[in-house]
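Note that the working numbering has the sequence shown beginning at 22, numbered continuously upward.
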Amino acid sequence: MVSLLVEACLGIPQLLRNYQRHATTGMSVRMVLMWLIGDCAKTVYFIVRSSPVQFWVCAILQITIDILILAQVHFYGKGAASLPYASAQSVR
């Protein structure tokens, strides 16, 4: 169960980084879309094969994280993060 939960939370560092920076600069949207496709396929497999519920829960958690990251791309855009040195350079 612990290994399932660890795998399900692999996207959380990216989600948190995007939130802290209010930007998704440098992140591959294509990669996240591939995560989402893989996680959806895995979830369907778990449901069809009547896998234990912990597999379903972790797969749904992964899909939720993938969707949240894609929502960040929509809301934050792909623009540069507002970093202290970025504003100092723009003054010149």
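Every residue, glycine too, gets a C-beta built ideally from N, C-alpha and C.
Note that this is a predicted model, so its numbers are computed, not measured.
For E28, same chain residues with a beta-carbon under 8 Å away, outside a window of 5 residues either side, are C79, Q83 in chain order. With a 10 Å radius around the Cβ and a threshold of 16 neighbouring Cβ atoms, G32 comes out buried. In this structure, Q41 and I90 do not form a Cβ contact; the two beta carbons are roughly 13 Å apart against a cut-off of 8 Å. The three-state reading of DSSP puts P34 in helix, counting H, G and I together. Counting along the chain, A44 sits inside no alpha helix (DSSP H), nor does DSSP assign it H or E at all.
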